[in-house]
Amino acid sequence: MELPRGILNTCPTATLTPPASHVFFTMINTLMASQCALAPGGRYPADYANYLHDEDEFDFIIVGSGSAGSVVANRLSQVNHWKILLLEAGSYPSSLSEIPVFFFDLQFTPEDWQYKMEPSKTCCLGQKGNVCYCPRGKVLGGSSTINAMLYVRGNPSDYNSWADAGNVGWDYESVLKQYQKFEACQDSNCGLHGKNGELEITSYKYQEPIHDILKDAYKELGYYQEYSEEKPLGFWDSFMSINRGTRSSTAKSFISPIKDRENLYVALNAQVAKLIIDKSDKTVQGVEVRINDKILKINAKKEVILSAGSINSPQILMNSGIGPKEHLESLGMDVVTNLRVGENLQDHAIFPLFISINKSVVKPKTGLDILDEIYQYFIHRNGPLGTIGLINFLGFVNTKNNTIFPDLQLYHAVIESNDSFILSSLAHSINLPNELIEAFKENNKHNINMFLVPQILKPKSTGKILLRTTDPIDKPKIFPNYFSDENNEDLELLLKGIKLFINLIRTETLKQYKPKIVEYTLPNCKEYDFDTDEFWRCAIRNIASHLFHQVGTCKMGPEGDPTAVVDPRLRVHGLKGVRVIDGSIMPTITSGNTNAPIIMIGEKGAELIKEDWLGKMCHEF
Numbered sequence: 001m002e003l004p005r006g007i008l009n010t011c012p013t014a015t016l017t018p019p020a021s022h023v024f025f026t027m028i029n030t031l032m033a034s035q036c037a038l039a040p041g042g043r044y045p046a047d048y049a050n051y052l053h054d055e056d057e058f059d060f061i062i063v064g065s066g067s068a069g070s071v072v073a074n075r076l077s078q079v080n081h082w083k084i085l086l087l088e089a090g091s092y093p094s095s096l097s098e099i100p101v102f103f104f105d106l107q108f109t110p111e112d113w114q115y116k117m118e119p120s121k122t123c124c125l126g127q128k129g130n131v132c133y134c135p136r137g138k139v140l141g142g143s144s145t146i147n148a149m150l151y152v153r154g155n156p157s158d159y160n161s162w163a164d165a166g167n168v169g170w171d172y173e174s175v176l177k178q179y180q181k182f183e184a185c186q187d188s189n190c191g192l193h194g195k196n197g198e199l200e201i202t203s204y205k206y207q208e209p210i211h212d213i214l215k216d217a218y219k220e221l222g223y224y225q226e227y228s229e230e231k232p233l234g235f236w237d238s239f240m241s242i243n244r245g246t247r248s249s250t251a252k253s254f255i256s257p258i259k260d261r262e263n264l265y266v267a268l269n270a271q272v273a274k275l276i277i278d279k280s281d282k283t284v285q286g287v288e289v290r291i292n293d294k295i296l297k298i299n300a301k302k303e304v305i306l307s308a309g310s311i312n313s314p315q316i317l318m319n320s321g322i323g324p325k326e327h328l329e330s331l332g333m334d335v336v337t338n339l340r341v342g343e344n345l346q347d348h349a350i351f352p353l354f355i356s357i358n359k360s361v362v363k364p365k366t367g368l369d370i371l372d373e374i375y376q377y378f379i380h381r382n383g384p385l386g387t388i389g390l391i392n393f394l395g396f397v398n399t400k401n402n403t404i405f406p407d408l409q410l411y412h413a414v415i416e417s418n419d420s421f422i423l424s425s426l427a428h429s430i431n432l433p434n435e436l437i438e439a440f441k442e443n444n445k446h447n448i449n450m451f452l453v454p455q456i457l458k459p460k461s462t463g464k465i466l467l468r469t470t471d472p473i474d475k476p477k478i479f480p481n482y483f484s485d486e487n488n489e490d491l492e493l494l495l496k497g498i499k500l501f502i503n504l505i506r507t508e509t510l511k512q513y514k515p516k517i518v519e520y521t522l523p524n525c526k527e528y529d530f531d532t533d534e535f536w537r538c539a540i541r542n543i544a545s546h547l548f549h550q551v552g553t554c555k556m557g558p559e560g561d562p563t564a565v566v567d568p569r570l571r572v573h574g575l576k577g578v579r580v581i582d583g584s585i586m587p588t589i590t591s592g593n594t595n596a597p598i599i600m601i602g603e604k605g606a607e608l609i610k611e612d613w614l615g616k617m618c619h620e621f
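Going by UniProt numbering, the first residue of the sequence shown is number 1, and it counts up by one from there.
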């Protein structure tokens with residue numbers, strides 16, 4: 001059979017004979033075994049779902065095994081006489097999720113809830129379907145299994161503002177201890193990061209020349225200084241939840257090591273529909289969970305812990321009659337407790353600026369180089385596949401120059417020439433329209449490209465979550481409401497970020513590499529001249545997106561705060577026997593990627609539970 005043109009016949013007529021054939025097949029077997037070792041059988045607890053029965057009873061039921069839920073399960077099951085059930089709507093992580101460079105390709109897979117946001121008049125107007133995507137992890141480890149692995153705590157003002165709002169114990173000095181408890185920093189210079197915990201984190205410097213070229217260009221603009229949490233303006237190669245070339249998800253870090261713990265039961269493909277509530281005294285007694293198309297009632301002797309995330313935790317509460325009275329009554333539902341569940345949705349809006357640049361900033365790769373990288377990764381777990389490229393080179397800047405705290409975060413991503421695979425993965429992940437993606441791919445055939453991405457850190461705009469129907473399994477309505485603030489402060493701030501990057505590529509440092517903005521063709525913005533403020537404002541409303549940092553929908557606040565859903569001990573106001581422990585409790589979003597703060601929330605939430613149930617004995621566990 002004749003091979004197509006351009007395809008090398010790797011199996012010519014002259015066949016291999018021993019010992020050459022032995023060496024060849026040993027190599028193939030080694031590569032295959034290495035690939036299988038990424039997700040070996042037996043790494044995680046056995047699935048208990050098929051052994052659950054109606055009216056089974058546990059001390060604690062944890063709903064969701066994500067960034068917070070996995071930590072809570074680990075810490076509560078340290079108490080030997082507590083029986084813990086962890087319910088996860090998804091299944092085990094795939095081997096692909098272990099390879100850092102492929103994180104964008106985990107979206108729109110079974111490991112993703114595949115949510116779409118509702119159409120809006122203020123944002124996402126030019127994206128496919130006129131909506132933004134909303135990836136969320138539906139897998140053991142939750143979004144920590146599919147995210148970009150950037151490990152950013154935020155800065156002290158984030159947490160001190162929570163405490164100032166009446167959330168006692170959530171100031172920076174207090175939460176720092178929680179961070180250090182679970183961190184396992186692998187670097188020689190860890191600063192204030194812990195070294196003896198479960199979550200392995202490392203830093204990495206992108207090795208291509210563009211990294212230092214960008215640093216010099218920022219110096220020319222007067223922005224460059226080294227970032228630290230105590231002085232949070234500047235640039236750094238951030239920590240990542242990666243170690244030895246593979247992802248450090250919370251499932252791998254907190255669940256895998258305790259897979260044989262006898263008092264921990266993990267049920268997969270188990271979607272919780274609602275809480276079981278004794279309405280006479282508003283005590284939560286358990287959950288209704290769907291497993292194999294059957295609804296089971298599982299009872300909790302002590303508490304139910306909602307760690308289902310900022311979309312699913314408010315959905316479960318509202319399905320249980322806990323939420324805004326006017327919304328629940330509009331669906332004909334009984335109201336158990338009138339709380340502002342689903343409101344205060346906050347996220348970090350971004351804009352993708354696409355740049356073409358001279359090839360000399362990145363060493364060109366041949367097909368053999370790529371094969372070498374694949375071999376290098378599967379055999380040694382290092383090389384480019386074990387990183388996220390330039391993406392962890394982060395900048396934090398303040399556009400007003402009136403505070404030491406940043407209002408923008410800056411990302412940088414390099415797309416090597418004629419690399420349509422990575423380009424398409426990145427562009428599709430933020431739901432750019434196909435026409436724009438094709439134009440970018442055409443440019444990429446002859447150029448190296450960069451995505452320069454500003455991100456708003458403290459948005460004024462807030463969205464909300466509403467139920468779509470009374471069917472508890474239906475996906476909820478997600479209203480992002482980006483750029484809906486009354487004075488357009490969010491939009492104008494993102495415009496400043498775009499203009500900062502335009503000034504960056506015009507520096508003398510970068511001019512020699514001939515950077516150029518690739519022109520955007522946007523039907524909704526054709527009345528404006530390209531690269532004018534009017535054009536960029538229109539472009540922001542059309543193709544600005546987000547990096548999947550939704551928080552705040554079960555807001556933490558003291559008694560007397562009419563917008564709060566949980567108190568500072570994460571107990572739902574007006575109810576007994578239920579807490580929310582995940583990113584939805586954030587009163588305001590942190591200044592940076594949210595995975596690290598949500599893991600911290602899991603650590604602190606578990607400690608609060610132990611304090612409340614064990615008293616002085618809690619420190620023995």
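The beta-carbon is built from N, C-alpha and C at its ideal position, and this holds for glycine as well. Owing to the predicted nature of the structure, the values given are computational and were not obtained by experimental measurement.
Distance CB(residue i)-CB(residue j) smaller than 8 Å
i	j	result
Pro-209	Pro-406	no
Pro-587	Arg-153	no
Cys-554	Ile-599	no
Thr-399	Leu-493	yes
Ser-67	Ala-73	no
Leu-331	Thr-470	yes
Ala-300	Ile-61	yes
Val-272	Val-287	yes
Gly-69	Ser-256	no
Val-341	Gly-323	yes
Ile-305	Ile-581	yes
Phe-351	Val-453	yes
Ile-355	Lys-219	no
Gly-166	Asp-561	yes
Leu-495	Asp-533	yes
Spatial neighbours of residue i in its chain, beta-carbon cut-off 6 Å, leaving aside the 5 residues before and after
i	result
Thr-15	Low local confidence applies: a pLDDT of 48 at Thr-15 is under 50, so the model's placement there is unreliable, with the coordinate-based value given in what follows. So the list is empty, once near-sequence residues are dropped.
Ala-270	Ala-49, Leu-87, Val-289 and Ile-291
Val-139	Gly-90, Pro-93, Glu-111 and Thr-145
residue 623	The question about residue 623 has no answer, for the chain in this structure spans 1 to 621.
Phe-254	Ser-70, Val-71, Asn-74 and Glu-198
Spatial neighbours of residue i in its chain, beta-carbon cut-off 8 Å, leaving aside the 5 residues before and after
i	result
Gly-574	Lys-282, Thr-337 and Leu-339
Ser-77	Ile-84, Ile-258, Arg-261, Asn-263 and Leu-264
Ala-267	Asp-47, Tyr-48, Ala-49, Leu-52, Leu-85, Leu-86, Leu-87, Glu-88, Val-289 and Ile-291
Tyr-513	Ile-213, Ile-357, Asn-358, Ser-360 and Val-361
Asn-130	Pro-119 and Cys-124
Asp-529	Phe-535
Spatial neighbours of residue i in its chain, beta-carbon cut-off 7 Å, leaving aside the 5 residues before and after
i	result
Ser-94	Ala-39 and Glu-111
Arg-541	Thr-122, Cys-123, Leu-125 and Phe-483
Asn-431	Gln-127, Lys-128, Cys-132, Tyr-133 and Ser-545
Met-149	Pro-100, Phe-103, Met-240, Ser-241, Ile-242, Arg-247 and Ile-388
Tyr-377	Gly-245, Gly-383, Leu-385 and Gly-386
Pro-135	Gln-107, Asp-112, Ile-146 and Phe-548
Lys-475	Tyr-115 and Arg-468
Lys-460	Asp-485, Glu-489 and Asp-490
Gly-197	Lys-181, Phe-182, Glu-183 and Ala-184
Cβ of residue i within 8 Å of any chain C Cβ
i	result
Phe-58	The structure shown has no chain C; it contains just one protein chain.
Nearest-angstrom beta carbon gap, residue j and residue i [assumed within contact, 8 Å]
i	j	result
Thr-250	Gly-90	Not quite, the Cβ-Cβ distance comes to about 13 Å (not below 8 Å), so this is no contact.
Leu-504	Ala-217	5 Å
Gly-557	Ile-589	15 Å between Cβ atoms; not a contact.
Trp-82	Asp-59	4 Å
Tyr-204	Asn-481	35 Å between Cβ atoms; not a contact.
### Task
Count the CB pairs spanning the stretch 222 to 236 and the stretch 421 to 441 that are closer than 8 Å, and state whether there are at least three.
no
### Task
May I have a chain-ordered list of the beta strand (DSSP E) segments no shorter than 3 residues that lie completely inside the stretch 77 to 111?
84 to 87
### Query
Does the stretch 177 to 189 come close enough to the stretch 155 to 166 that 3 or more CB-CB pairs lie under 8 Å?
no
### Query
Quick one: any contact between the stretch 606 to 618 and the stretch 366 to 375, if contact means 3 or more CB pairs under 8 Å?
no
### alpha helix (DSSP H) runs contained entirely in the stretch 303 to 354, provided each spans 4 or more residues
309 to 319 and 325 to 330
### Message
With a threshold of 8 Å, are at least 3 pairs of Cβ atoms found where one atom belongs to the stretch 560 to 567 and the other to the stretch 503 to 523?
### Response
no
#### Entry: Sequence ranges, beta strand (DSSP E) only - wholly within the stretch 518 to 595, length at least 3
578 to 580
### Query
Using 8 Å as the Cβ pair cut-off and three pairs as the minimum, do the stretch 443 to 458 and the stretch 411 to 423 touch?
yes
### Message
Could you tell me which whole beta strand (DSSP E) segments of length 3 or greater appear in the stretch 126 to 196?
### Response
183 to 185
### Query
Does the stretch 356 to 364 come close enough to the stretch 197 to 215 that 3 or more CB-CB pairs lie under 8 Å?
yes
### Task
Would you check if there are 3 or more beta carbon pairs closer than 8 Å linking the stretch 452 to 468 to the stretch 339 to 358?
yes
### Task
Run through the stretch 400 to 460 for me and flag every whole beta strand (DSSP E) of 3 or more residues, listed as ranges in chain order.
408 to 415 and 448 to 456
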